[in-house]
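K.L.:
-7 is the number of the first residue of the sequence shown in the numbering used here; add one for each residue after it.
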Amino acid sequence: MGLFHQNFDKPGPGVSPDAPRKKGAARFFEILGRDFSTIWMAGLLALISSLPFALLLWFAVSTHSLIPMLAAGILGGMIAAPQIVGLNDTILRSLRDEPGFWWATYRRAWKRNVKASLLPGAVCGLLLAMEIFTAFHLDTSQSVVPAVAVLVALILLAGIAQYIYAQVALVEVSFGGLLKNALMLFLGYLPRSALGVLWQGIYWAAVALFWPVSSFAVILCSLWLPCLLNLMAIYPALDKSFDLEKTIKAMRDAQLNSENEDK
């Protein structure tokens, strides 16, 4: 919901509008070199807010209890969602080279998006908690079909959720509209969607494989690294579908013209 509101900070750090936009690894390191501190802070806030989800789910798996699992998914998802949307908003602004002062922008976007993020957080959190809980209680000695089904469910959830949280940060639309748009974007831009899911899968698989050594990497990379790689993969789809660049430029030009007229 952060895109269609005419409320910008005064120009801050950014890039020249005439500078050619880099691609791939060069673009990744350009963004990190310019915005690492702000992206890291947004990722850290998202990671800290995800701790209730992780701790409740760990307790649910350890005790084989459904109640903590439901609490982890619904309550934990709702707690984490506003900060996850805030991280998406921060990275999306960086991807479109939008100038501004991060903390003021983050707080304003957080307040604007907090209510809209709660239901997506509860639904996505519950589905994720159920899938992880199920994965830890599978008996693959009898059949691998349930394991494959859980893996497919995780992939689909990651593929659709990546568009849901990005939309909350960008547009005003009902939850039903979020789901419909997310599904259409996921299928309509399947190669990019798959790349976004792949980056997420590689990151979390590496964390799980090398745990607890990877806990140090989680502190450094938190949620920002998979989110940045993910959004870099799907950003062209978002830009084409919502005309992000053109809309932002038109809004900024209108605001500057208004300010000049007031003077």
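By construction, the Cβ of each residue, glycine as well, lies at the ideal position given by its N, Cα and C atoms.
Check for me: the alpha helix (DSSP H) holding Gln256 runs from which residue to which?
P.N.:
Summary: the structure shown does not reach residue 256, with the chain confined to residues -7 through 255, and so no result is reported for it.
K.L.:
Taking Leu286 as part of the alpha helix (DSSP H), name the residues at either end of that continuous run.
P.N.:
Since the first residue of the chain shown is -7 and the last is 255, residue 286 is not available in this structure.
K.L.:
Any idea what DSSP makes of Gly92, helix, strand or coil?
P.N.:
Look at Gly92 here: in three-state DSSP terms it is coil, with no helix or strand label.
K.L.:
Whose C-alpha, out of Ala153, Thr82, Ala34 and Leu67, is nearest the C-alpha of Ala46?
P.N.:
Leu67
K.L.:
Taking the straight line between their C-alpha atoms, what separation do you get for Ala209 and Trp32?
P.N.:
12 Å
K.L.:
Kindly list the residues whose CB is nearer than 8 Å to the CB of Ala72, restricted to its own chain and excluding five residues on each side of it in sequence; keep chain order.
P.N.:
Apart from sequence neighbours up to five positions away, the residues of its chain that approach Ala72 with a beta-carbon distance below 8 Å are Ala38, Ser41, Ser42, Pro44, Phe45, Gly113 and Gly117, ordered along the chain.
K.L.:
Please classify Trp203 as buried or exposed, where buried requires at least 16 other C-beta atoms within 10 Å of its C-beta.
P.N.:
exposed
K.L.:
Would you kindly work out how many angstroms separate the C-alpha atoms of Asn173 and Gly151, rounded to a whole number?
P.N.:
12 Å
K.L.:
Val165 to Gly69, Cα distance in whole Å?
P.N.:
20 Å
K.L.:
Between the alpha carbons of Phe28 and Leu49, how many angstroms are there, rounded?
P.N.:
Spanning the two alpha carbons is a distance of roughly 30 Å.
K.L.:
Going along the chain, which residues of its own chain have a beta-carbon closer than 8 Å to the beta-carbon of Ala158, five neighbours each way excluded?
P.N.:
Asn80, Leu84, Leu223, Ile226 and Leu230
K.L.:
Is it buried or exposed, Phe128, if we count other Cβ atoms within 10 angstroms and call 16 or more buried?
P.N.:
exposed
K.L.:
Within this structure, are the beta carbons of Ala101 and Ala161 separated by less than 8 Å?
P.N.:
yes
K.L.:
For Thr82, does the count of other Cβ atoms within 10 angstroms reach 16, so buried, or fall short, so exposed?
P.N.:
buried
K.L.:
Taking only three categories from DSSP, how would you classify Lys14?
P.N.:
coil
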